[in-house]
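A.B. asks: Provided herewith is a single structure, encoded as structure tokens, for subsequent inquiry.
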Amino acid sequence: MIECKNITKTYYTGGDIETTVLKGVTFEIKDGEFVAVIGPSGSGKSTLMHILGALDSPTSGQYLLDKQDVSKLSEDDLAAIRIKKIGFVFQSFNLLPRATVLRNVMLPMVYADIPKEKRMALACTALISTGLEETHFNHLSNQLSGGQMQRVAISRALVNNPTLILADEPTGNLDTKTGEIVLGTFQRLNEQQHHTIILITHEHDVAEAADRIIHIRDGVIVEDKKNLNKRIIRP
Amino acid sequence: MLKADLFTETSMALLANKARSGLTILGIIIGIGSVIAMIAIGQGSQSNIQSSIQSLGSNLLLVQPGAQRGLGFEVNQGRGSAQTLTQADYEAIATQVSGISGIAPELSSRYQVTAKGTNTNTSVDGTTASYPAIRNVQIDQGSFISDENVTNLAKVAVLGPTTRDDLFGADSNPIGQSFRIKGVEFKIIGVTAAKGGSGFSNQDDMIFVPISTAQQFLAGSPRVSTISVQALDQNSMTSVQEQITSLLLQRHNITDPTLADFNILNQADIINTASSVTNTFTILLGSVAAISLLVGGIGIMNMMLTTVTERTREIGLRKAIGAKKRDINYQFLLEAMMLTFIGGVVGIIFGWLVSFGVNKFGSIATKVSLPSVALAFGVSAAIGIIFGYYPARRAARLNPIEALRYE
């Protein structure tokens, strides 16, 4: 359960010059929703993602994550929130090169202090749920294709069973076909395992894989509606 | 973050870049290794010099004539050139000074000596029966000069092993044979054991004869060139030195001690001087080695800064998935410390091997001391912390958002 109440974000650059990127954003996302946030570049969607992902704090307003106000926490407290409640999927995958698939997926558990003996099973479960073939589990991450890498990254985001999975342009570095496979993976995770997913993108095609689309432009929400023509992607 | 995880993450990171880690470690190995080896060489030569000074005899005072001052001439001759010490001075010291455990007069001079078909030029030392005990001389063959020989002005001689080899061939037994010094025939009664060069003079290339004989037949005067005095123990050396000084000043009618026509070499002073020389030497070698250790440390810092820049995105990712500042800080600090730790251990082995090699193939007896190993190890650990601290802090302070965007 996510509640954003009148969130603003202002950056101060070069001392006096202030740039307001978010100008009062209010919305609510319930558990199990699959939401796309869409907007052109410079609309403030990345800043919103950083705030939702507890990487950054809003200048004003309230951000409640599972009823906990995370808008005024210290850097290390935000890190603790990220461990438990947020799973990130990035455009450029951000896997550790020269490390195996399994080690990449187990990395968040290192910081979550999950006992070593439980990690392997949890990592395998997460990898299987994203549909990666078991033969790849011990491959090095840089030997995989883009689609496979992104599925490893999704597994890494899932592995601590977070409240929210935040995907920032997850198909941006993939061709259309593999992009569809990744979107299908998100849909299945949402439908079958009821993960809450926020997908950030600038492409309408990608946004239409979600149940709800929040349109953001110049730091304000211009449209927030249910996606009536959802594209169902079947493998 | 668990300690075991921290360790795993660190070793994976170091193994990921084997060549770079290896070269950085090599810098530390050379630094630590040279510190160990240089200190070992310095301390080895120090104990070398000390033991060769000790081999001259222990608690020794050497009384020697001072520089000769020409009357009315502003020309000073070298020390020991004056002929102011006499047999009477020796007897006075022997009878009047307390705290002495042994005393031996010496009259030494170089002469051409001839044996059957061979000849050599060597130092001929007139002395008494007490000389071997005071100056650590061992007898290899035959016997040393006896008191009776001295009283009888016997024309007998004891050869050093080198002189024996020169005159009669290596390892021969010349006892009972005779040879000539300055035309005077001497009979050989003994050969001393080899002592090795002391660094000051070769104590094996000598001939000992009774002092009375040397005074009578070789020098032609009752003078002595050195009086070796052995004090009872280390503590009485100063008092013996003072007694001898005042006795000789009085006997030579000198009132101003700065104008003394003799001087006394104290063995402790010689050791102190030699030690301070070798200490300076050790410090010099050690500081050159320390500079290479410092360079190794800078190498570590360089590598860590490169690593942090290269792995900015990885740091961003780690932070995004929940790594705290401290986790990142420890990870990079541990990487630096692991490099110096490995470098330290291998460097100690390397330094030990070098000093072992110098010991085996060079002439210096090296000594790897435990404190120098502990010091080198402590320094390498400290270098890891000092030179790893700044890069690790830089990594920990990276903003996750900017780090993730870093190209």
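Chain order of the listed sequences is A and B.
Residue numbering for the first sequence follows my numbering, starting at 1 and increasing by one per position.
Residue numbering for the second sequence follows my numbering, starting at 1001 and increasing by one per position.
Quick reminder that beta carbons are idealized off the backbone N, C-alpha and C, glycines included.
Note that this is a predicted model, so its numbers are computed, not measured.
What residue range does the alpha helix (DSSP H) around Arg1393(B) cover?
C.D. replies: Counting from 1 along the second sequence, the entry for residue 1393(B) is found at position 393. Here the alpha helix (DSSP H) through Arg1393(B) covers Leu1370 to Ala1396.
A.B. asks: For Met1001(B), which residues in chain A fall below 8 Å Cβ to Cβ?
C.D. replies: On the second sequence, position 1 is the one that residue 1001(B) refers to. By Cβ distance, chain A contributes Val110, Tyr111 and Asp113.
A.B. asks: Can you tell me whether Met1338(B) is buried or exposed? The criterion is at least 16 other CB atoms within 10 Å of its CB, across all chains shown.
C.D. replies: Position 338 of the second sequence, counting from 1, holds the residue named residue 1338(B). When all chains shown are included, Met1338(B) counts as buried.
A.B. asks: From which residue to which residue does the beta strand (DSSP E) around Gln1141(B) run?
C.D. replies: In the second sequence, counting from the first residue as 1, residue 1141(B) sits at position 141. Per DSSP, Gln1141(B) belongs to the beta strand (DSSP E) from Ile1139 to Gly1142.
A.B. asks: Which parts of the region 1202-1236 of chain B are runs of the beta strand (DSSP E), unbroken and 3 residues or longer, counting only runs that do not cross its ends?
C.D. replies: Whole beta strand (DSSP E) segments, 3+ residues: 1206-1210 and 1226-1231.
A.B. asks: Roughly how many angstroms lie between the CA atoms of Gly1044(B) and Gly1057(B), to the nearest whole one?
C.D. replies: Numbered from 1 along the second sequence, position 44 holds the residue referred to as residue 1044(B). Numbered from 1 along the second sequence, position 57 holds the residue referred to as residue 1057(B). Straight-line Cα distance between these residues: approximately 21 Å.
A.B. asks: On the three-state DSSP scale, how would you describe Val101(A)?
C.D. replies: Mapped onto the first sequence, residue 101(A) falls at position 101. Val101(A): helix per DSSP, three-state reduction.
A.B. asks: Under 8 Å between beta-carbons, which chain A residues line up against Glu1335(B)? List them in chain order, please.
C.D. replies: As a position in the second sequence, residue 1335(B) is number 335, starting the count at 1. Here the premise fails: no neighbours, minimum Cβ distance about 15 Å.
A.B. asks: If contact is defined by three or more beta carbon pairs under 8 Å, each pair taking one atom from either stretch, is the region 5-20 of chain A in contact with the region 159-176 of chain A?
C.D. replies: In short, these stretches do not touch, since the Cβ pair count stays below three.
A.B. asks: Which one or two residues does DSSP pair with Leu1159(B) in a beta bridge?
C.D. replies: On the second sequence, residue 1159(B) is found 159 positions in, with the first residue counted as 1. Leu1159(B) pairs with Val1191(B) and Ile1207(B).
A.B. asks: Does the separation of the CB atoms of Gly1344(B) and Phe1377(B) fall below 7 Å?
C.D. replies: Within the second sequence, the letter at position 344 stands for residue 1344(B). Within the second sequence, the letter at position 377 stands for residue 1377(B). In this structure, Phe1377(B) lies closer than 7 Å to Gly1344(B) by Cβ.
A.B. asks: For chain B, is any of its Cβ atoms less than 7 Å away from the one on His50(A)?
C.D. replies: For the purposes of this step, residue 50(A) is taken as the residue at position 50 of the first sequence. By this cut-off, His50(A) is an interface position.
A.B. asks: Does any residue of chain B bring its CB to less than 7 Å from the CB of Ala79(A)?
C.D. replies: Here residue 79(A) corresponds to residue number 79 of the first sequence, with the count starting at 1. Yes, its Cβ sits closer than 7 Å to a Cβ of chain B.
A.B. asks: Could you name the residues of chain B that Phe90(A) contacts, counting a contact when the two beta carbons are closer than 9 Å?
C.D. replies: In the first sequence, counting from the first residue as 1, residue 90(A) sits at position 90. Those within 9 Å of Phe90(A) in chain B are Leu1317, Ala1320 and Leu1404.
A.B. asks: Tell me, please, which residues DSSP counts as bridged to Ser1178(B).
C.D. replies: Sequence index remark: in the second sequence, residue 1178(B) carries index 178 (1-based). Bridge partners of Ser1178(B): Lys1187(B).
A.B. asks: Since Tyr12(A) is in the beta strand (DSSP E), which residue starts that stretch and which ends it?
C.D. replies: Taking the first sequence and counting its residues from 1, the one referred to as residue 12(A) is at position 12. Per DSSP, Tyr12(A) belongs to the beta strand (DSSP E) from Ile2 to Thr13.
A.B. asks: What is the residue span of the beta strand (DSSP E) that Glu28(A) lies within?
C.D. replies: By one-based count along the first sequence, residue 28(A) stands at place 28. Taken as a continuous stretch (DSSP letters only), the beta strand (DSSP E) holding Glu28(A) covers Ile17 to Ile29.
A.B. asks: In the DSSP assignment, the alpha helix (DSSP H) including Gly184(A) goes from what residue to what residue?
C.D. replies: Taking the first residue of the first sequence as position 1, residue 184(A) is located at position 184. Counting along the chain, the alpha helix (DSSP H) containing Gly184(A) begins and ends at Thr176 to Gln193.
A.B. asks: Would you please verify whether the beta carbon of Ser1011(B) is less than 7 Å from any beta carbon of chain A?
C.D. replies: Residue numbering aside, residue 1011(B) sits at position 11 when the second sequence is read from its first letter. For Ser1011(B), the answer is no, since every Cβ of chain A falls outside 7 Å of its Cβ.
A.B. asks: Could you spell out the range, first to last residue, of the beta strand (DSSP E) harbouring Thr1273(B)?
C.D. replies: For the purposes of this step, residue 1273(B) is taken as the residue at position 273 of the second sequence. Unbroken run through Thr1273(B) is the alpha helix (DSSP H), Gln1267 to Glu1310; no beta strand (DSSP E).
A.B. asks: Quick check on the DSSP output: what are the complete alpha helix (DSSP H) runs of length 4 or more inside the region 112-186 of chain A, in order along the chain?
C.D. replies: Runs of the alpha helix (DSSP H) inside the region 112-186 of chain A: 116-129 and 146-158.
A.B. asks: Would you mind telling me which residues of chain A sit closer than 7 Å to Glu1314(B), beta carbon to beta carbon, in chain order?
C.D. replies: Taking the first residue of the second sequence as 1, we reach residue 1314(B) at position 314. By Cβ distance, chain A contributes Leu96.
A.B. asks: Grab the span of the beta strand (DSSP E) containing Gln1043(B) for me, first residue to last.
C.D. replies: Here residue 1043(B) refers to the residue found at position 43 of the second sequence. Careful: Gln1043(B) lies outside any beta strand (DSSP E), inside the alpha helix (DSSP H) at Lys1018 to Gln1054.
A.B. asks: Below 7 Å on C-beta distance, what does Ala1396(B) contact in chain A?
C.D. replies: The count along the second sequence starts at 1 and reaches residue 1396(B) at position 396. Ordered by position in chain A, no residue passes the 7 Å Cβ test against Ala1396(B), which lies about 10 Å from the chain.
A.B. asks: Over the uninterrupted alpha helix (DSSP H) stretch that includes Gly1169(B), give me the two end residues.
C.D. replies: Against the second sequence, residue 1169(B) aligns to sequence position 169. Counting along the chain, Gly1169(B) falls outside any alpha helix (DSSP H), and DSSP gives it neither H nor E.
A.B. asks: What did DSSP end up calling Val70(A) once you bin it into helix, strand or coil?
C.D. replies: For the purposes of this step, residue 70(A) is taken as residue 70 along the first sequence, with counting starting at 1. In this structure, Val70(A) counts as coil in the three-state DSSP scheme.
A.B. asks: Just to confirm, are Ser1228(B) and Ala1104(B) a CB contact at a threshold of 7 Å?
C.D. replies: Taking the second sequence and counting its residues from 1, one reaches residue 1228(B) at position 228. Taking the second sequence and counting its residues from 1, one reaches residue 1104(B) at position 104. Result yes, Cβ atoms of Ser1228(B) and Ala1104(B) sit closer than 7 Å.
A.B. asks: Under 8 Å by Cβ, that's how I've got Gly1296(B) and Ile1028(B) pegged, so tell me the actual separation to the nearest angstrom.
C.D. replies: As a position in the second sequence, residue 1296(B) is number 296, starting the count at 1. As a position in the second sequence, residue 1028(B) is number 28, starting the count at 1. 4 Å between Cβ atoms; contact.
A.B. asks: Using only CA atoms, which one of Ile1386(B), Thr1280(B), Ser1047(B) and Thr1010(B) lies nearest to Leu1294(B)?
C.D. replies: Stepping through the second sequence from its first residue, residue 1294(B) is reached at position 294. Of the listed residues, the one whose Cα sits closest to Leu1294(B) is Ile1386(B).
A.B. asks: Nearest chain A C-beta to Gly1199(B) closer than 7 Å, yes or no?
C.D. replies: Along the second sequence, one-based indexing puts residue 1199(B) at 199. Residue placement at Gly1199(B) is flagged as unreliable, the pLDDT there being 47, under the threshold of 50; the coordinate-derived value follows with that caveat. Judged by the 7 Å Cβ criterion, Gly1199(B) is not in contact with chain A.
A.B. asks: Quick check: what's the CA-CA separation for Val1224(B) versus Gln1112(B)?
C.D. replies: In the second sequence, residue 1224(B) corresponds to position 224, counting from 1. In the second sequence, residue 1112(B) corresponds to position 112, counting from 1. Their backbone Cα atoms lie some 20 Å apart in a straight line.
A.B. asks: Does the beta carbon of Lys1018(B) come closer than 7 Å to any beta carbon on chain A?
C.D. replies: Taking the second sequence and counting its residues from 1, one reaches residue 1018(B) at position 18. Closer than 7 Å: no.
A.B. asks: At the 7 Å Cβ level, is Ala1392(B) part of the contact set with chain A, yes or no?
C.D. replies: For this step, residue 1392(B) is matched to residue 392 along the second sequence. So, not an interface residue.
A.B. asks: Rank Val105(A), Asp175(A) and Pro115(A) by C-alpha distance to the C-alpha of Ser155(A) and give the top, closest one.
C.D. replies: Mapped onto the first sequence, residue 155(A) falls at position 155. The shortest C-alpha separation from Ser155(A) is found at Val105(A).
A.B. asks: Between which two residues does the alpha helix (DSSP H) harbouring Ile1406(B) extend?
C.D. replies: Sequence index remark: in the second sequence, residue 1406(B) carries index 406 (1-based). The question names Ile, yet the displayed sequence has Tyr at residue 1406(B). Per DSSP, Tyr1406(B) belongs to no alpha helix (DSSP H) and is neither H nor E.
A.B. asks: Whole angstroms is fine: what's the gap from Ala80(A)'s alpha carbon to Lys1324(B)'s?
C.D. replies: Indexing the first sequence from 1 puts residue 80(A) at position 80. Indexing the second sequence from 1 puts residue 1324(B) at position 324. Each residue's Cα considered, the two are about 8 Å apart.
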